[in-house]
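Add 23 to a position in the sequence shown, counting from 1, and you land on the number used in the working numbering. Quick reminder that beta carbons are idealized off the backbone N, C-alpha and C, glycines included. Note that the coordinates shown come from a computational prediction; the quantities given were computed from them, not determined experimentally.
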Amino acid sequence: MDIGADADKFNEMFMVLELMEADLHQIIRSEQPLTDSHYQYFIYQICRGLKYIHSANVLHRDLKPGNLLVNADCELKICDFGLARGFDTIGGDENNTGVMTEYVATRWYRAPEIMLSYRCYTKAIDMWSLGCIFAELISSKPLFKGRDYVDQLNQILGILGTPDDEVLKRIGSERAQMYIKSLPKMKKIPFETFFLDANPLALDLLEKLLKFDPAERITGEPIEEALEHPYLNSYHDVSDEPVCDKFFDFSFEKEDLSLEEMRKRIAQEVIDFKNNK
24 MDIGADADKF
34 NEMFMVLELM
44 EADLHQIIRS
54 EQPLTDSHYQ
64 YFIYQICRGL
74 KYIHSANVLH
84 RDLKPGNLLV
94 NADCELKICD
104 FGLARGFDTI
114 GGDENNTGVM
124 TEYVATRWYR
134 APEIMLSYRC
144 YTKAIDMWSL
154 GCIFAELISS
164 KPLFKGRDYV
174 DQLNQILGIL
184 GTPDDEVLKR
194 IGSERAQMYI
204 KSLPKMKKIP
214 FETFFLDANP
224 LALDLLEKLL
234 KFDPAERITG
244 EPIEEALEHP
254 YLNSYHDVSD
264 EPVCDKFFDF
274 SFEKEDLSLE
284 EMRKRIAQEV
294 IDFKNNK
């Protein structure tokens, strides 16, 4: 990362990043054959990245194949943090109310609690998106390909079945509860129906990721449980899965900075970056 020589007057900033030849969306849509080993390696790397992100109390909120960059060695990096937000684990759910909005994540990868207007959602929303990505890797097509908001919810219900009243009451608005209760009761369709030749361990992990109830979605510390799943055994190494040493501070988003102050902040960021290399 660099700027011009005059830190007070620069108008351009350059960031040089590693070359990532494609994204996961392009790879899935290509005719390149993928094996179960590819799925394992990609899912492991996403989980490893999410472990670091979540340890900083950050929700990505827009995980999808197009936001996962991949190079020729199948190394994967998570990108596009434009919708990312901080998450308060100390103050409780009420401290997260208000910053969490429905317009989060691309529709096909959006967790059901978001569509049910639950405004106190957690890191479990990223786990749902991971499950959708995993399903798409295995089948080469999105699992829940809704045409609109309502159709997306209907497709989820059509595969996962109607949730219990207790779950609905906990995560759904009154309006959302009324809508779901107006529909015929639906039973869960086994994932084996959709993924006939899939590794049974892959389907077990997928089942744990795509739980309608966020409280049941890879319970406990979700990423830790995902990384420890038998499907990822060949890659899991806790000594090589770093965490962030502090929570990310999003308070800068609330500041109203002048152009001059913004320029100074960017220049200082570049200086700090160089000094910490």
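Asked	Found
Every unbroken alpha helix (DSSP H) within the region 180-205, with a cutoff of 4 residues, ordered by chain	188-194, 197-205
Where residue 105 falls, given that 16 or more other Cβ within 10 Å makes a residue buried	exposed
Three-state secondary structure assigned by DSSP to residue 91	strand
Simplified DSSP state of residue 292, which is helix, strand or coil	helix
CB of residue 183 within 9 Å of CB of residue 234, strictly	yes
Which of helix, strand or coil DSSP assigns to residue 154	helix
Cut-off 7 Å between Cβ atoms - residues of its own chain near residue 209, not counting five sequence neighbours on either side	180, 181, 184, 185
Closest residue to residue 80 among 240, 110, 177 (Cα-Cα distance)	110
Integer-rounded CB distance, given that residue 249 should sit under 8 Å from residue 70	5 Å
Expected contact under 8 Å - CB spacing of residue 237 and residue 147 to nearest Å	4 Å
Spatial distance of residue 55 from residue 132 (CA atoms)	23 Å
Euclidean distance between Cα positions of residue 197 and residue 82	26 Å
Beta carbon of residue 68 nearer than 9 Å to that of residue 42	no
Rounded C-alpha distance that separates residue 292 from residue 261	31 Å
Where the alpha helix (DSSP H) containing residue 47 begins and where it ends	47-52
Own chain partners of residue 97 with C-beta closer than 8 Å, once the 5 adjacent residues on each side are dropped	61, 64, 65
Start and end residues, beta strand (DSSP E) containing residue 168	Where residue 168 is concerned, there is no enclosing beta strand (DSSP E), given that its DSSP letter is neither H nor E.
Presumed contact (8 Å Cβ cut-off) between residue 157 and residue 229, rounded CB distance	6 Å
Residue 108 - partner residues in DSSP beta bridges	82
C-alpha distance - residue 226 paired with residue 49, whole-angstrom precision	23 Å
Buried/exposed call for residue 294, threshold 16 Cβ in 10 Å	exposed
Through-space distance from residue 137 to residue 297, alpha-carbon basis	40 Å
Residue burial classification, residue 201 (beta-carbon count within 10 angstroms, cutoff 16)	exposed
Residue range of the unbroken alpha helix (DSSP H) whose run includes residue 302	The shown model of the chain, from 24 to 300, leaves out residue 302, and the question about it has no answer.
Whole-number beta carbon distance between residue 273 and residue 108, since they are thought to touch under 8 Å	7 Å
9 Å Cβ cutoff met for residue 150 and residue 232	yes
6 Å Cβ shell around residue 190 - same chain, five flanking residues per side excluded	236
Residue from 87, 244, 177, 271 whose Cα sits closest to the Cα of residue 304	Since the first and last residues shown for the chain are 24 and 300, residue 304 lies out of range.
Paired residues, beta bridge with residue 99 - DSSP	93
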